[in-house]
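The structure under discussion appears below in the form of structure tokens.
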Amino acid sequence: MAKIAEGSRYQLLLSCPSGLSLSQVSVDFSKSHDRIQHPDHDLEDSIAQAWEQRTQGNSSLFNGQKFRFGSICLDGDAGTNELPHVYLRLGLTDYRTFVGTNLSSQWEKFLVTSQDDCVRCRHTSSPLGNAAVIETSDHKIIVLRRSDNVGEFPGHYVFPGGHPEPMSVGIDSHQLEKDGDVLNKKVTREMFDSITREVVEETGIPASSLSTPLFIGISRRELNVRPAMFFFIKCNHHSDDIPGLYSSAEDGFESTQLHTVSLEELKTMTSRMPGCHHGGFALYELMLQRLKSTNETPLTST
1 MAKIAEGSRY QLLLSCPSGL SLSQVSVDFS KSHDRIQHPD HDLEDSIAQA
51 WEQRTQGNSS LFNGQKFRFG SICLDGDAGT NELPHVYLRL GLTDYRTFVG
101 TNLSSQWEKF LVTSQDDCVR CRHTSSPLGN AAVIETSDHK IIVLRRSDNV
151 GEFPGHYVFP GGHPEPMSVG IDSHQLEKDG DVLNKKVTRE MFDSITREVV
201 EETGIPASSL STPLFIGISR RELNVRPAMF FFIKCNHHSD DIPGLYSSAE
251 DGFESTQLHT VSLEELKTMT SRMPGCHHGG FALYELMLQR LKSTNETPLT
301 ST
């Protein structure tokens with residue numbers, strides 16, 4: 001299922017070029033998908049040390065909970081006419097462990113040599129990020145230039161996004177797992193609700209102007225194995241309207257510029273994107289190729 005791109009800047013863990021709706025995605029949230037401690041005690045101890053170094057003199061850092069990406073399962077045709085369905089296996093992690101594993105200078109030591117991505121990354125925090133490829137009414141794509149003050153990839157180009165949040169569905173531990181199916185449905189909805197929320201906060205575009213998100217896949221950057229899920233969203237505003245909306249964005253401080261660019265312009269920007277966002281562009285291209293080959297239009301609704 002996973003595909004490593006040329007130059008190994010990213011790995012496509014899952015591609016859904018037809019775009020999946022909420023009804024085609026399910027989450028299995030379980031402690032069994034949490035990070036496994038590394039058997040090297042010194043390496044484990046380095047997590048606390050990395051967090052202490054990062055927080056010294058920076059009182060703004062908060063050790064918030066995040067969903068941990070464990071693995072995926074794609075349920076496809078299997079001789080039936082059923083639509084494809086993706087199962088996301090998610091655990092729980094936090095920003096502190098992310099800083100001490102994925103963002104550590106020793107991040108490669110946390111990896112296991114394996115062709116199985118789940119096994120390879122079982123000792124890393126791997127919080128699941130999200131991002132959206134947003135098309136304006138005149139077919140431009142929205143890209144942000146990250147602030148120089150952010151913790152990851154300052155000054156790079158990214159698609160709007162962030163993280164689905166456990167606290168948004170009342171999760172701060174695994175104690176709620178007894179709720180089973182109800183909790184899994186809440187977490188699944190958070191996967192879709194969170195990307196709309198992030199887009200509104202980062203761009204200033206009102207939710208009423210955005211189509212229902214379509215899930216197009218998961219990319220993992222090879223540098224520190226950071227995973228992110230990507231969505232496709234249509235915006236009913238012309239590209240000329242977007243800068244004015246961006247000027248009042250709630251989380252505008254996370255970026256310094258907003259660009260609305262053509263597909264060709266976007267291609268030239270991918271080398272200045274984090275690897276996972278470069279992978280997000282690849283997922284978008286796969287979606288466009290499918291639409292072209294089938295003469296379909298994206299199944300979006302507002």
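full-length UniProt numbering numbers the first residue of the sequence shown as 1 and each following residue consecutively.
Quick reminder that beta carbons are idealized off the backbone N, C-alpha and C, glycines included.
Starting from residue i, follow its DSSP beta bridges and name the residues at the other end.
{"i": "Arg120", "result": "Answer is none; Arg120 lacks a bridge partner."}
{"i": "Pro127", "result": "Arg68"}
{"i": "Ala132", "result": "Phe231"}
{"i": "Asp28", "result": "Arg89"}
{"i": "Phe215", "result": "Leu20 and Phe231"}
{"i": "Val158", "result": "Leu144"}
{"i": "Leu14", "result": "Ile218"}
{"i": "Arg272", "result": "None; Arg272 has no bridge partner."}
{"i": "Arg226", "result": "Arg221"}
{"i": "Asp75", "result": "His85"}
Smallest Cα separation from residue i: which of the options?
{"i": "Ile233", "options": "Tyr87, Cys16, Ser209 and Glu108", "result": "Ser209"}
{"i": "Thr256", "options": "Ser248, Leu263 and Asp40", "result": "Ser248"}
{"i": "Asp40", "options": "Val112, Leu258, Leu13 and Pro227", "result": "Val112"}
{"i": "Val86", "options": "Ser26, Ala50, Gly180 and Asp117", "result": "Ser26"}
{"i": "Ser211", "options": "Val143, Glu190, Ile195 and Glu222", "result": "Ile195"}
{"i": "Arg89", "options": "Ile72, Met167 and Leu103", "result": "Ile72"}
{"i": "Gly91", "options": "Leu74, Met273 and Ser126", "result": "Ser126"}
{"i": "Asn224", "options": "Thr203, Gln106 and Asp240", "result": "Gln106"}
{"i": "Asp241", "options": "Asn184, Glu52, Cys276 and Ile141", "result": "Ile141"}
{"i": "Gln24", "options": "Pro213, Pro274, Gly275 and Leu266", "result": "Pro213"}
{"i": "Arg220", "options": "His277, Lys31 and Pro84", "result": "His277"}
{"i": "Asn130", "options": "Ser168, Ile205, Phe192 and Asp181", "result": "Phe192"}
{"i": "Val261", "options": "Asp28, Ile36 and Arg145", "result": "Arg145"}
{"i": "Met167", "options": "Leu245, Leu43 and Phe67", "result": "Phe67"}
{"i": "His156", "options": "Ser30, Asn184 and Ser271", "result": "Ser271"}
{"i": "Gly244", "options": "Leu266, Thr203 and Ile218", "result": "Thr203"}
{"i": "Ser173", "options": "Gln11, Tyr10, Asp34 and Leu22", "result": "Asp34"}
{"i": "Cys235", "options": "Gln37, Leu43, Asp138 and Leu22", "result": "Asp138"}
How should residue i be labelled, buried or exposed, when 16 other C-beta atoms within 10 angstroms of its C-beta is the threshold for buried?
{"i": "Asp94", "result": "buried"}
{"i": "Leu13", "result": "buried"}
{"i": "Thr80", "result": "Low confidence applies here, because Thr80 scores a pLDDT of 46, under 50, leaving its location unreliable; read the following figure in that light. With fewer than 16 other Cβ atoms within 10 Å, it is exposed."}
{"i": "Thr101", "result": "buried"}
{"i": "Asn295", "result": "exposed"}
{"i": "Thr136", "result": "buried"}
{"i": "Ala228", "result": "buried"}
{"i": "Glu190", "result": "buried"}
{"i": "Thr302", "result": "Interpretation of Thr302 is limited by its pLDDT of 35, a score under 50 that renders its predicted location unreliable; the figure taken from the coordinates is listed afterwards. Exposed."}
{"i": "Thr268", "result": "exposed"}
{"i": "Ala48", "result": "exposed"}
{"i": "Gln115", "result": "exposed"}
{"i": "Asp77", "result": "Residue placement at Asp77 is poorly supported in this model, since its pLDDT is 47, which falls under 50; the coordinates still yield a value, given next. Burial call: exposed."}
{"i": "Asn58", "result": "exposed"}
Tell me where the beta strand (DSSP E) around residue i begins and ends.
{"i": "Leu88", "result": "His85 to Asp94"}
{"i": "Leu103", "result": "No beta strand (DSSP E) holds Leu103; DSSP gives it neither H nor E."}
{"i": "Asp289", "result": "Here residue 289 turns out to be Gln, not Asp, going by the sequence shown. Premise fails: Gln289 lies in the alpha helix (DSSP H), Gly275 to Thr294, not in any beta strand (DSSP E)."}
{"i": "Thr260", "result": "Ser255 to Val261"}
Report yes or no: is there a C-beta of chain B within less than 8 Å of the C-beta of residue i?
{"i": "Gly275", "result": "Any reference to chain B falls outside this structure, which holds one protein chain only."}
Could you check where the alpha helix (DSSP H) with residue i kicks off and where it finishes?
{"i": "Gln49", "result": "His41 to Thr55"}
{"i": "Val187", "result": "Asp181 to Thr203"}
{"i": "Ile171", "result": "Element bounds for Ile171: n/a, residue is neither H nor E."}
{"i": "Leu245", "result": "Ile242 to Tyr246"}
How about the region 274 to 290 and the region 16 to 28: do they share at least three Cβ pairs that are nearer than 8 Å?
Judged by Cβ distances under 8 Å, the region 274 to 290 makes contact with the region 16 to 28, as three or more pairs qualify.
Is there contact between the region 160 to 175 and the region 192 to 204, where contact requires at least three CB pairs shorter than 8 Å?
Taking 8 Å as the limit for Cβ pairs, the verdict is that the region 192 to 204 does touch the region 160 to 175.
Can we say the region 56 to 70 touches the region 83 to 103, given the rule of at least three CB pairs closer than 8 Å?
By the C-beta criterion, the region 56 to 70 is judged to be in contact with the region 83 to 103, since at least 3 inter-stretch pairs fall below 8 Å.
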